[in-house]
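Here the structure comes first, spelled out in structure tokens, and everything after it is commentary.
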């Protein structure tokens, strides 16, 4: 078992990574009282909820099964969690455990942040994407018809348990979507890691356990370091959004859930690279390298059929990373180094969109 | 103008109290960007929104008018705020101003806490109750069918503007409801203040400006001191719930909005006093004093017709102040000193409920 610590003073917490950590005795060390609200969904619950419940046999565990999919990630979609907690008369010392992918983690985390103004919670992410990204850093929330993750809270868990055993039941498309975020970490901050991913991609695709644990731990460590510096995204944390402004536009255009988040991010990484090339910071060969890596990871590298440059501009205008109407993009100074650009050259952006949408 | 400071380190903020403070130049000092979301309701908006908008003529102000009443204080009821903010493409530097009573403040505060995971907000409370209590201390949230304020956040405003001018348009019932909270402060922590309220009650009922400002400032100062010690209600802050466990049961039983919050709290204060007398801490004469003070302030002193001891027990069992199923009450050691009781003698509680419900 590897452990990565997220250093946030009073809100610091560990991420446990490895095979079988979901039932590790450390799980009960992080419970506040005797009550547990186990929030999962209809795909993950049948596979793993019983395993977690067995590890919690000395506790009162109430299970809430959310419908599966990003389409249910709404404010109203939180009600089953609150209904269950209140029906079971759970107090402020109950602990909420999120067992599932990013959608379950985001929703359950925001429910934990809001239930009685905040109860402790634990993340057991069951997709690669949530293990390397969304379960770490305390971003929780739900979507609004006009934008993704527009309603939520910064709320840190007590602990994260990233169990690599669960990845064996992950559909190949979801594995690829997780690899998009892994590639993102290499691109945004660690060229050596990017080379490592390139070399280890076959082992990652084959779910080789030690290689996978190493990848997850490295991503979590990078994210933990950035979050520790800038918990509420007033500065550097925005770098983690590399590929996301374009990606969110794709998700919004397609309707949430049509594309997997990681798939949209992969196209966003390619578009960010292309934009950086337009600004003279990346070579065309480097853009090709990003495209090649994403393609080999089983990811799309072009926006969906029929999505236009105008569609991108419309959706990007309401993205959260805009400060008072200004479009903020995360771009690449070079492979392995991202930066925040608040005043991108409109001509370069327009060209990027045109080329990408016609590509 | 009086100013009371709430000392919460990085989240410290001032409360400005006095006639006309709603349009004081200090208002714009607390705005983050150029965008303002002014959240009000159908009763308060027509009276005061234009006044605030004039003071903000250099800003882009979008007004959201919520339906008036506690019945709309739900998770779904927040959607008009999010809809307006996103339709106007407001970013993270927009400031939300809550113009209204406790319901508007609680809802708008939670919307500010949740919109894009938190934007700055300012409270302009327009009822006595919200000026002395709910606008101070950062408790925000909405109701759930199974309990009051069960979904929310601790989220501090940038500033509070308690304008005594607005009290002149307050219905007498709402003025009385506010006085219930004023009496609560005297009872829970300051016998000298309780005597002052007793003596000044006619002046308070007549809205005598200097007396009213003094009362508001003293309540805010007491609340600020308690909140500074215990922001997230892990200890002493619970004292502010004197009368509230009984009061919430009344509100839940009646359906939110039938009784004003302060009216229910007044009965709760009487019941807490009666329970304390049952435990030997207060004399019957002191209970009579509490009843007399509430009655003279125009407040009810008995639970609603037909509400039984069993009704109380049912509703109190889900009150937030219960830790893992244990009933927590705030009781009086003597007039002017409250304490937290986690193990009240069931016989004394039963007697209190019987006497109160048959009274």
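Chains as they are written, first to last, in this note's numbering: chain A, 288 to 646; chain B, 288 to 646.
We put the CB at the ideal spot given by N, CA and C, even for glycine.
Since I believe residue 404/A is in contact with residue 319/A (beta carbons under 8 Å), could you give me their beta-carbon distance rounded to a whole number of angstroms? Against the first chain, residue 319/A aligns to sequence position 32. Against the first chain, residue 404/A aligns to sequence position 117. Not confirmed; about 15 Å, so no contact.
Below 7 Å on C-beta distance, what does residue 401/B contact in chain D? The structure shown contains no chain D; its protein chains are A and B.
Could you give the first and the last residue of the continuous beta strand (DSSP E) run that contains residue 434/A? Locating residue 434/A in the first chain gives position 147, counting from the first residue. According to the DSSP assignment, residue 434/A belongs to the beta strand (DSSP E) that extends over 434-441.
Three or more C-beta pairs closer than 8 Å, one from the stretch 357-377 of chain A and one from the stretch 332-346 of chain A: is that the case here? By the C-beta criterion, the stretch 357-377 of chain A is judged not to be in contact with the stretch 332-346 of chain A, since fewer than 3 inter-stretch pairs fall below 8 Å.
Are any of the Cβ atoms in chain B nearer than 8 Å to that of residue 330/A? Within the first chain, numbered from 1, the residue matching residue 330/A stands at position 43. Output row for residue 330/A: interface = no.
Coarse secondary structure for residue 495/A, derived from DSSP in three states: Counting from one through the first chain, the residue named residue 495/A turns up at place 208. The answer is coil: DSSP assigns residue 495/A none of H, G, I, E or B.
Can residue 562/A and residue 478/A be called in contact, C-beta distance under 8 Å? As a position in the first chain, residue 562/A is number 275, starting the count at 1. As a position in the first chain, residue 478/A is number 191, starting the count at 1. Cβ atoms of residue 562/A and residue 478/A: not closer than 8 Å.
Which residues in chain B have a C-beta closer than 9 Å to the C-beta of residue 365/A? List them in chain order. Residue 365/A sits at position 78 when you count from the first residue of the first chain. What residue 365/A touches in chain B: 362 and 438.
For the pair the stretch 535-549 of chain A and the stretch 589-601 of chain A, tell me if three or more CB-CB distances fall below 8 Å. Yes: the two stretches touch, three or more of their Cβ pairs being nearer than 8 Å.
Along chain A, in chain order, which residues have C-beta atoms closer than 9 Å to that of residue 369/B? Taking the first residue of the second chain as 1, we reach residue 369/B at position 82. Proximity of chain A to residue 369/B at the Cβ level (cut-off 9 Å) is accounted for by 362, 431, 433, 437 and 438, in chain order.
Amino acids of chain B, ordered along the chain, whose beta-carbon sits closer than 9 Å to that of residue 476/A: Within the first chain, numbered from 1, the residue matching residue 476/A stands at position 189. Here the premise fails: no neighbours, minimum Cβ distance about 23 Å.
What do you get for residue 329/A, buried or exposed, if any count of 16 or more other CB atoms within 10 angstroms of its CB means buried? For this step, residue 329/A is matched to residue 42 along the first chain. Exposed.
Closer than 6 Å by C-beta to residue 422/A: which residues in its own chain qualify, once you throw out the five before and the five after it? Chain order, please. Position 135 of the first chain, counted from the start, is the residue given in the question as residue 422/A. Result list for residue 422/A: 392, 410, 412 and 447, in chain order.
Between the Cα of residue 560/B and those of 604/B, 628/B and 574/B, spot the shortest distance and give me the residue it belongs to. Reading the second chain from its first residue, position 273 is the one you call residue 560/B. Closest in C-alpha terms to residue 560/B, from the list 604/B, 628/B and 574/B, comes 574/B.
Let me check one thing: in DSSP terms, what residues is residue 448/B bridge-paired to? Here residue 448/B refers to the residue found at position 161 when the second chain is read from its first residue. Secondary-structure assignment with DSSP links residue 448/B through a beta bridge to 303/B.
Going straight from the alpha carbon of residue 531/B to that of residue 306/B, what length do you get? Numbered from 1 along the second chain, position 244 holds the residue referred to as residue 531/B. Numbered from 1 along the second chain, position 19 holds the residue referred to as residue 306/B. Their backbone Cα atoms lie some 30 Å apart in a straight line.
Would you list the one or two residues that DSSP bridges to residue 412/B? To locate residue 412/B, count along the second chain from 1; it is residue 125. Looking at the DSSP assignment, residue 412/B forms a beta bridge with 387/B.
Listed in chain order, which residues of the stretch 503-532 of chain B have Cβ atoms closer than 7 Å to some Cβ of chain A? Of all residues in the stretch 503-532 of chain B, none has a C-beta nearer than 7 Å to a C-beta of chain A.
Taking the alpha-carbon of residue 373/A as reference, which of 495/B, 483/B, 435/B and 327/B has the nearest alpha-carbon? Residue numbering aside, residue 373/A sits at position 86 when the first chain is read from its first letter. When 495/B, 483/B, 435/B and 327/B are compared, the shortest CA-CA separation from residue 373/A is found for 435/B.
What residues in the stretch 338-352 of chain B bring their beta carbon closer than 7 Å to a beta carbon of chain A? Listed in sequence order: no entries.
Under 8 Å, Cβ to Cβ, is there at least one residue of chain A near residue 404/B? Locating residue 404/B in the second chain gives position 117, where the first residue counts as 1. Chain A, which has a Cβ nearer than 8 Å to the Cβ of residue 404/B, makes this yes.
Does chain B have any CB closer than 8 Å to the CB of residue 610/A? By 1-based counting over the first chain, the position of residue 610/A is 323. Residue confidence for residue 610/A is low, a pLDDT of 48 falling below 50, so the modelled location carries little weight; the figure read from the coordinates is stated next. Taking Cβ atoms only, chain B reaches closer than 8 Å to residue 610/A, which makes this a yes.
Decide if the stretch 288-297 of chain B is in contact with the stretch 506-524 of chain B; the criterion is three or more beta carbon pairs, one per stretch, under 8 Å apart. Yes: at least three Cβ pairs fall under 8 Å.
Cutoff 8 Å: residue 296/B Cβ touching any chain A Cβ: Translated into the one-based positions of the second chain, residue 296/B becomes position 9. Chain A places no beta carbon closer than 8 Å to that of residue 296/B, leaving this residue out of the contacts.
Could you check which residue in 455/B, 346/B and 645/B has the C-alpha nearest to that of residue 558/B? Against the second chain, residue 558/B aligns to sequence position 271. Of the candidates 455/B, 346/B and 645/B, the one whose C-alpha sits nearest the C-alpha of residue 558/B is 645/B.
Terminal residues of the beta strand (DSSP E) in which residue 624/B lies: For the purposes of this step, residue 624/B is identified with residue 337 of the second chain, where counting begins at 1. In the DSSP annotation of this structure, the continuous segment of the beta strand (DSSP E) that includes residue 624/B starts and ends at 624-628.
In chain B, which residues lie less than 9 Å from residue 614/A when you measure between Cβ atoms? Reading the first chain from its first residue, position 327 is the one you call residue 614/A. Per Cβ cutoff of 9 Å: no residues; residue 614/A is ~11 Å from chain B at best.
By Cβ distance, which residues of its chain are closer than 7 Å to residue 485/B, with the 5 residues on each side in sequence left out? Indexing the second chain from 1 puts residue 485/B at position 198. Residues of the same chain with a CB within less than 7 Å of the CB of residue 485/B, apart from the 5 flanking positions on each side, are 580 in chain order.
Interfacial residues, the stretch 564-598 of chain A to chain B, with Cβ spacing under 7 Å: So nothing in the stretch comes that close.
Spatial neighbours of residue 264/A in its chain, beta-carbon cut-off 7 Å, leaving aside the 5 residues before and after: In the structure displayed, chain A extends from 288 to 646; residue 264/A sits before or after that span and is not available.
In terms of alpha-carbon separation, which member of 604/B, 624/B and 635/B lies closest to residue 567/B? Looking up residue 567/B in the second chain gives position 280. If we check each option's Cα against that of residue 567/B, 635/B comes out closest.
Beta-carbon proximity of residue 371/A to residue 349/A, cut-off 8 Å: Locating residue 371/A in the first chain gives position 84, where the first residue counts as 1. Locating residue 349/A in the first chain gives position 62, where the first residue counts as 1. The beta carbons of residue 371/A and residue 349/A sit closer together than 8 Å.
From the beta carbon of residue 374/A, is the nearest beta carbon of chain B less than 8 Å away? Here residue 374/A refers to the residue found at position 87 when the first chain is read from its first residue. It does: the Cβ of residue 374/A has a partner Cβ on chain B nearer than 8 Å.
Are any of the Cβ atoms in chain A nearer than 8 Å to that of residue 604/B? Taking the first residue of the second chain as 1, we reach residue 604/B at position 317. Cβ-Cβ to chain A under 8 Å: yes for residue 604/B.
Of the listed residues 375/A, 629/A and 468/A, nearest to residue 347/A (C-alpha basis): Residue numbering aside, residue 347/A sits at position 60 when the first chain is read from its first letter. Of 375/A, 629/A and 468/A, the smallest CA-CA separation from residue 347/A is found for 375/A.
Per DSSP, what kind of secondary structure is residue 580/B in: helix, strand or coil? Translated into positions along the second chain, residue 580/B becomes position 293. Assignment of residue 580/B by DSSP, reduced to helix, strand and coil, places it in the helix class.
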